[in-house]
Amino acid sequence: MPQPSSELQAVASLQQITAGPGWINAVRFLDTRLDWLDRVHVSLTEIPAPTFLESARAEYMAQKFRDLGLQRVRVDAAGNVLAERPGADANFVLLAAHLDTVFPAGTPVKVQTVNGRFCAPGISDNGAGLAALVGIAAALQESKVATGLSLLFAATVGEEGEGDLCGMRRIFSQKELCRITKAVLVIDGASIQRTATAGLGSRRFRVEVRGPGGHSWSDFGRVNPVHALADAVTQLSRLPLPSRPRTTMNVGLIHGGSAVNVIPDSAWMKLDVRSTEACELQRLTGSIETIMRAAVEAENQRGDGKLEYRIVPIGDRPAAQLPADARILQIIRDVDQYFSVETRFETSSTDGNIPLSLGIETITTGGGGTGGDAHTANEWYDPQGRELGLKRILVATLMLAGITRSSGER
Ligand SMILES: [Zn+2]
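When we follow my numbering, the leftmost residue of the sequence shown carries the number 1, and every step to the right adds one.
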């Protein structure tokens, strides 16, 4: 009897994967070559990558993927770097890490090493995730493991702040890629003690108020956009918000006017609302509209002239969560048991929101080692224990993709 498919029958059990020669090669690599990965991590962190200005760092990642022998390495229309490692099956498991940082252009990003710790803005978020992507790709190449599903590596743009996940959105706006992506592992930061299985929803708005403006003395009595906006901020800050589902509101930026003796002709603010439930976001969006209308109407009644306002959405991250019986959840539980890792399942706002909201099994976790003070100038990363984080993601990837019987002979 011919058995044409037996060689390509993918196995996905943790025991079979970790018993194979490919896994032993991968582990040898991860246990001995991390000095190399530390250098890659430092190099990529020292390439500035503010949101919307990621192209230099993207080029570095593309070169690393090429050097490792990944295939079809390319930069897409959004600026994401994509690279493939073909398996027996054309469907994909996607491994992704975001390229961008919250730090504006011009922020010093030289990495200082203090007692074995690396210190620099973006070193952990998301230097650690990008380094993990490179480390996992390198270990896989070294292992010569052949996978069932193909692997797609993505270094994405626009994850932070007003990027509004534009890189991940672009990937999943392509129907075909959406159809053939069977699972997604997002690597963000260092910590393996936290794994996001639900995407925190958020909406962001820029609110603008405009009026005639004037002289503070001779035109006194005219409507004032700053006064109306301040009134709205006060009301917004007093909005009762539920703790379950956890829901938050923050006015993060406010600006208006041109001089102390001028009635401003405009003022604006940016605010962010977040919730684990989509319906709360919807309700809060309505409240913002109501409060703004009332604050502007009140100012128009008090003063001369007329204010106009506009609420412009500048971000919308969908809330979504993994079903309790998701296969990826069972896999990460098994992997964590194998490595004696204790991870807390949580809700967060990452690139993972997009595939999750499309019903694609997704988790977001750290790349290993430890880090802290993310989004501050004191951000740090300690590579000690990094190999555990990498092995954890690698074995989860192999379980999701399956390995073929011919592994180790590829
Ligand atoms: Zn991040």
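C-beta: ideal position from N, C-alpha, C; glycine also.
Boundaries of the beta strand (DSSP E) in which residue i is found, first to last residue
i    : result
G371 : T370 to G372
N250 : T247 to G256
S55  : From DSSP, S55 is part of no beta strand (DSSP E) but of the alpha helix (DSSP H) over S55 to D67.
V73  : Q71 to V75
H98  : D89 to H98
W23  : Element bounds for W23: not the beta strand (DSSP E) but the alpha helix (DSSP H), P21 to T32.
P313 : E308 to R317
A196 : R194 to G199
A267 : S266 to S275
T156 : L149 to T156
V184 : T181 to I187
Cβ-heavy atom distance, residue i to ligand 1, below 7 Å
i    : result
N261 : no
D188 : yes
E297 : no
H41  : no
G89  : The identity of residue 89 in the sequence shown is Asp, whereas the question assumes Gly. Outside the cutoff, so no.
D164 : no
E159 : yes
N126 : yes
H98  : yes
Selected residue, minimal CA-CA separation from residue i, among the options
i    : options                   : result
G286 : K270, V296, I311 and T276 : I311
K64  : T51, S43 and L53          : S43
W23  : G129, E142 and E162       : E142
A278 : A320, H227 and T156       : A320
L37  : R386, R392 and M399       : R386
G189 : H98, D334 and V296        : H98
D231 : A295, L390 and V157       : A295
P318 : L53, E280, T51 and S202   : S202
A57  : G69, L70 and H41          : Here residue 57 is Arg; the residue named in the question, Ala, does not match the sequence. Residue H41 is the option with its Cα nearest to R57.
E280 : R246, D304, R302 and K306 : R246
Y381 : L284, A132 and A19        : A132
L241 : D334, A88, M269 and L284  : L284
Y60  : G127, A88, T362 and I171  : G127
L359 : I180, A49 and P104        : Note on identity: in this sequence residue 359 is Gly, with Leu being the wrong assignment. Checked all of I180, A49 and P104; the closest Cα to G359 is I180.
V223 : D272, D351, V11 and P264  : P264
V233 : K270, R117, S218 and G389 : K270
H375 : A62, A26, L68 and T101    : T101
D447 : G305, I136, N300 and Q235 : Outside the shown range of the chain, which is 1 to 410, sits residue 447, and nothing can be said about it.
Classification of residue i by the beta-carbon crowding that lies within 10 angstroms, buried from 16 upward
i    : result
V134 : buried
S407 : Because the pLDDT of S407 is 46, which lies under 50, any placement of that residue in the model is unreliable, and the number read from its coordinates should be weighed accordingly. Under this definition S407 is a buried residue.
P121 : buried
G377 : Reading off the sequence, residue 377 comes out as Ala, not Gly. The residue is exposed, with fewer than 16 neighbouring Cβ atoms inside 10 Å.
V145 : buried
L356 : buried
N250 : exposed
S150 : buried
E54  : buried
F339 : exposed
G214 : buried
S124 : buried
F220 : exposed
S191 : buried
A77  : exposed
L400 : buried
L229 : buried
T113 : exposed
V111 : buried
A105 : exposed
L140 : buried
K391 : buried
S173 : exposed
P323 : exposed
A90  : exposed
P108 : exposed
G69  : exposed
P157 : Contrary to the premise, residue 157 reads as Val rather than Pro in this sequence. Buried is the call here.
Q15  : exposed
Terminal residues of the alpha helix (DSSP H) in which residue i lies
i    : result
N115 : Premise fails: N115 is in no alpha helix (DSSP H) and is neither H nor E.
H227 : P225 to S237
A298 : A278 to R302
K391 : R386 to A401
L241 : That residue, L241, is in no alpha helix (DSSP H); it is neither H nor E in DSSP.
Residue i: CB within 7 Å of a non-hydrogen atom of ligand 2
i   : result
P21 : In the structure on display, ligand 2 does not appear, and the ligands it does have are ligand 1.
### Query
Do the stretch 197-211 and the stretch 319-339 meet, that is, are 3 or more Cβ pairs less than 8 Å apart?
Under the 8 Å Cβ criterion, the stretch 197-211 counts as touching the stretch 319-339, having at least three qualifying pairs.
### Task
Examine the Cβ distances between the stretch 161-168 and the stretch 360-369 and report whether three or more of them are shorter than 8 Å.
Flag = no, the stretch 161-168 and the stretch 360-369 do not touch.
### Task
Spell out a yes or no on whether the stretch 208-219 and the stretch 251-264 are touching, meaning 3 or more CB-CB pairs, one atom from each, closer than 8 Å.
yes
### Query
Hey, is the stretch 393-402 in contact with the stretch 175-193, meaning 3+ C-beta pairs nearer than 8 Å?
yes
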